[in-house]
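Step one of this worksheet: look at the structure below.
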Amino acid sequence: MYQAPRGTQDILPADRPYWRYVTEEMHRVAALFGLQQIDTPIFEETGLYVRGVGEGTDIVDKEMYSFQDKGGADITLRPEWTAGVMRAYIEHGMHVLPQPVKLYSMGPIFRYERPQAGRFRQHHQFNVEMLGELDPAVDLEVMSVAWTLLGRLGYRGLNFQLNSTGCPKCRPAYRQALVEYFARYEDRLNDTDRRRLKINPLRLLDSKEEAAQPLLNDAPHSVDYLCAECASHLATLRGYLDALDMPHSINFRLVRGLDYYTKTVFEVWAEGIGAQAAVCGGGRYDRLIEELGGPPTPGIGFGMGIERVIASLKAQGVQPPPLPAPRVQVSPLGEAARAAGIKLARDLRDAGIGAVMAFGGRSLKSQLKSADKAGVRYALIIGESELAEGKVLAREMATSEQAPVPLDEIAAWLRGRLA
RNA sequence: GUGGCCAUAGCUCAAUAGGCAGAGCAUCUGGUUGUGGCCCAGAAGGUUGCGGGUUCAAGCCCCACUGGCCACCCCA
1259 MYQAPRGTQD
1269 ILPADRPYWR
1279 YVTEEMHRVA
1289 ALFGLQQIDT
1299 PIFEETGLYV
1309 RGVGEGTDIV
1319 DKEMYSFQDK
1329 GGADITLRPE
1339 WTAGVMRAYI
1349 EHGMHVLPQP
1359 VKLYSMGPIF
1369 RYERPQAGRF
1379 RQHHQFNVEM
1389 LGELDPAVDL
1399 EVMSVAWTLL
1409 GRLGYRGLNF
1419 QLNSTGCPKC
1429 RPAYRQALVE
1439 YFARYEDRLN
1449 DTDRRRLKIN
1459 PLRLLDSKEE
1469 AAQPLLNDAP
1479 HSVDYLCAEC
1489 ASHLATLRGY
1499 LDALDMPHSI
1509 NFRLVRGLDY
1519 YTKTVFEVWA
1529 EGIGAQAAVC
1539 GGGRYDRLIE
1549 ELGGPPTPGI
1559 GFGMGIERVI
1569 ASLKAQGVQP
1579 PPLPAPRVQV
1589 SPLGEAARAA
1599 GIKLARDLRD
1609 AGIGAVMAFG
1619 GRSLKSQLKS
1629 ADKAGVRYAL
1639 IIGESELAEG
1649 KVLAREMATS
1659 EQAPVPLDEI
1669 AAWLRGRLA
């Protein structure tokens, strides 16, 4: 038996109402903020991600689906949206557009990881980027997209985890302070954390190692080491958040795993998806476009995991609206009636009325059962006598009332009643 | 990549101490002519995830693989 590859899943019709509900709201909210949709290829040159996401990150070092195509090109399945969108910004000269350029995307992301609740090898992300403007009001705008969206979907108790990772000017001093602090307690760290201390000391902050916990509270906070520009950027952003009553907690342990972040970083956490609680994460990346060969251009964005959003909505008991269903079932009795029924179904669809056929020459009883299960409002019965009179018997399922209606009037008759 | 738990019908789960693989739901059919929901009856549905091993005998014990869940790593 074949099974879906590890960490992938089929999105079945039963789950579709959630997907439709969530993705339609994403399009709607994007429109409210003047975001324009962009799609980039599902694979890119491997080098783009190595350069954009950064060597030494987990994504690049061990999570990319990379291969050589038949022409020998090094290709990687999209492990995140940002690098590809930046590539498109540069390639299409979007710096000549009015800034900031506000973009959103939706689609699958691939990472070779060990699956667990809320984490898959293929998942889908809603992604937002605002490029070309350093104003903290843009940070607020980006966070507001996530805020508005989650609020409209029915989330309760939303709260941002917020931090600033500084910039190339102030980060070295902070990094140095961290190293000095933890070096004093090196004998109390285990091997994993000792390795972090050498390679990426910021990582120590979200260590879950037992031994490190007592040390973390007194560790230096990045916000205390920010340069004047970064400090004022954060203060201004917080002022905006307060003014809009958007709750946020400074989480000095929030450090993101992608190299390109500067200044603002944030996450939104939600319940009901296990240990992988981040439903949305993002931040500012003011060096990235330049790093990828474009003009110096600031940017900020976030990714939101659609599977996690849905899992969390389910946990909160949010019910999506039902999908549009067919309104009538055509139920022919006998071979002659069947030909008329097929034609009737076609005419109804041409008139914009959703119609399903009862197949297989089943008994009327069986056909009404299936009409009941399909949830149609009317069963349109065509038997010998109806056929002879050029009529159809329209049975309203909910009331069991039925009336003969001339075939050439049925579309109009239904349209009046289904409105 | 590391560790723990797990895998029986489409779904949720049973199966004594190793001794003939079952139920509910869902599906299909019927309960007298062309009338659904409730009820009743019946049918269909399984190489017990896959492959080996132990045994007279394996769903049950052992090994490997695949997949799932949980935690780590990390992230959405």
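No gaps in the numbering here: position 387 of the first sequence is 1645 in the numbering used here, and each next residue is one more.
Every residue gets a Cβ at the ideal spot worked out from N, C-alpha and C, and that includes glycine.
Please read these numbers as outputs of a predicted model, since none were measured by experiment.
Residue i and residue j closer than 9 angstroms at C-beta
{"i": "Gly1551", "j": "His1353", "result": "no"}
{"i": "Glu1593", "j": "Gly1633", "result": "no"}
{"i": "Cys1428", "j": "Tyr1483", "result": "yes"}
{"i": "Ile1558", "j": "Asp1397", "result": "yes"}
{"i": "Ile1547", "j": "Thr1555", "result": "yes"}
{"i": "Glu1371", "j": "Glu1321", "result": "yes"}
{"i": "Ile1296", "j": "Arg1369", "result": "no"}
{"i": "Tyr1279", "j": "Pro1579", "result": "yes"}
{"i": "Leu1506", "j": "Leu1499", "result": "According to the sequence displayed, residue 1506 carries His and not Leu. In contact: His1506 and Leu1499 (Cβ atoms closer than 9 angstroms)."}
{"i": "Val1481", "j": "Leu1455", "result": "no"}
{"i": "Gly1494", "j": "Pro1394", "result": "The identity of residue 1494 in the sequence shown is Thr, whereas the question assumes Gly. In contact: Thr1494 and Pro1394 (Cβ atoms closer than 9 angstroms)."}
{"i": "Leu1447", "j": "Leu1463", "result": "no"}
{"i": "Ile1611", "j": "Arg1653", "result": "no"}
{"i": "Ser1465", "j": "Asp1451", "result": "yes"}
{"i": "Gly1424", "j": "Lys1328", "result": "no"}
Alpha-carbon to alpha-carbon, residue j and residue i
{"i": "Ser1589", "j": "Gly1365", "result": "40 angstroms"}
{"i": "Tyr1443", "j": "Tyr1362", "result": "44 angstroms"}
{"i": "Arg1433", "j": "Ile1457", "result": "11 angstroms"}
{"i": "Ser1570", "j": "Gly1342", "result": "28 angstroms"}
{"i": "Ala1583", "j": "Ala1656", "result": "16 angstroms"}
{"i": "Arg1566", "j": "Phe1301", "result": "23 angstroms"}
{"i": "Arg1675", "j": "Asn1421", "result": "57 angstroms"}
{"i": "Tyr1276", "j": "Asp1544", "result": "35 angstroms"}
{"i": "Gly1265", "j": "Ile1367", "result": "12 angstroms"}
{"i": "Cys1538", "j": "Leu1407", "result": "11 angstroms"}
{"i": "Met1562", "j": "Leu1626", "result": "44 angstroms"}
{"i": "His1350", "j": "Met1344", "result": "10 angstroms"}
{"i": "Pro1664", "j": "Ala1616", "result": "20 angstroms"}
{"i": "Arg1604", "j": "Glu1642", "result": "20 angstroms"}
{"i": "Glu1338", "j": "Cys1488", "result": "26 angstroms"}
{"i": "Gln1326", "j": "Tyr1260", "result": "25 angstroms"}
{"i": "Arg1461", "j": "Val1400", "result": "25 angstroms"}
{"i": "Trp1405", "j": "Met1504", "result": "8 angstroms"}
{"i": "His1479", "j": "Phe1510", "result": "6 angstroms"}
{"i": "Lys1631", "j": "Ala1677", "result": "22 angstroms"}
{"i": "Ser1658", "j": "Arg1635", "result": "10 angstroms"}
{"i": "Leu1416", "j": "Gln1380", "result": "26 angstroms"}
{"i": "Leu1355", "j": "Gly1575", "result": "43 angstroms"}
Own chain residues within Cβ distance below 6 angstroms of residue i, not counting five before or after
{"i": "Ser1324", "result": "Thr1304, Thr1334"}
{"i": "Leu1651", "result": "Ile1639, Glu1644, Gln1660, Pro1662"}
{"i": "Glu1391", "result": "Gln1357, Pro1358"}
{"i": "Phe1291", "result": "Val1403"}
{"i": "Ala1477", "result": "Tyr1439"}
{"i": "Pro1373", "result": "Gly1265"}
{"i": "Ala1375", "result": "Gly1532"}
Strand pairing of residue i, partner residues [DSSP]
{"i": "Val1437", "result": "In DSSP, Val1437 forms no bridge with anything."}
{"i": "Tyr1362", "result": "Gln1295, Val1386"}
{"i": "Asp1332", "result": "Gln1326"}
{"i": "Gly1561", "result": "Asn1385, Gly1539"}
{"i": "Glu1303", "result": "Ile1333"}
{"i": "Tyr1636", "result": "Val1586, Glu1654"}
Residues near residue i by beta carbon distance below 7 angstroms, same chain, minus five either side
{"i": "Asp1268", "result": "Ala1262"}
{"i": "Glu1282", "result": "none"}
{"i": "Arg1274", "result": "Leu1581"}
{"i": "Leu1502", "result": "none"}
{"i": "Leu1512", "result": "Gln1419, Asn1421, Val1523, Glu1525"}
{"i": "Glu1387", "result": "Thr1340, Val1343, Leu1361, Gly1557, Gly1559"}
{"i": "Gln1294", "result": "Lys1360, Leu1361"}
CA nearest to the CA of residue i, picked from the options
{"i": "Gly1599", "options": "Asp1608, Gly1610, Gln1587", "result": "Gln1587"}
{"i": "Ser1624", "options": "Ile1611, Leu1591, Gly1610, Ala1646", "result": "Leu1591"}
{"i": "Phe1440", "options": "Pro1426, Leu1407, Ala1470", "result": "Ala1470"}
{"i": "Pro1426", "options": "Ala1486, Trp1339, Glu1667", "result": "Ala1486"}
{"i": "Gly1648", "options": "Glu1654, Val1308, Leu1270, Glu1667", "result": "Glu1667"}
{"i": "Ala1528", "options": "Gly1540, Glu1549, Ile1568, Phe1560", "result": "Ile1568"}
{"i": "Ala1536", "options": "Glu1549, Phe1560, Arg1542", "result": "Phe1560"}
{"i": "Arg1377", "options": "Ala1646, Asn1385, Val1614, Gly1532", "result": "Gly1532"}
{"i": "Ala1573", "options": "Phe1510, Ala1609, Ala1288, Tyr1413", "result": "Tyr1413"}
{"i": "Leu1411", "options": "Thr1298, Val1308, Leu1462, Gln1577", "result": "Gln1577"}
{"i": "Asn1385", "options": "Met1284, Pro1271, Ala1597, Ala1669", "result": "Met1284"}
{"i": "Leu1602", "options": "Ser1621, Ser1628, Ala1637", "result": "Ala1637"}
{"i": "Arg1585", "options": "Leu1606, Ala1597, Ala1595, Arg1596", "result": "Leu1606"}
{"i": "Ala1646", "options": "Asp1319, Ala1595, Asn1417", "result": "Ala1595"}
{"i": "Asp1608", "options": "Ser1658, Lys1631, Ala1669", "result": "Ala1669"}
Own chain residues within Cβ distance below 8 angstroms of residue i, not counting five before or after
{"i": "His1382", "result": "Met1364, Gly1365, Pro1366, Ile1367, Gly1563, Ile1564, Glu1565"}
{"i": "Trp1671", "result": "Ala1652, Val1663"}
{"i": "Glu1549", "result": "Arg1309, Gly1310, Tyr1518"}
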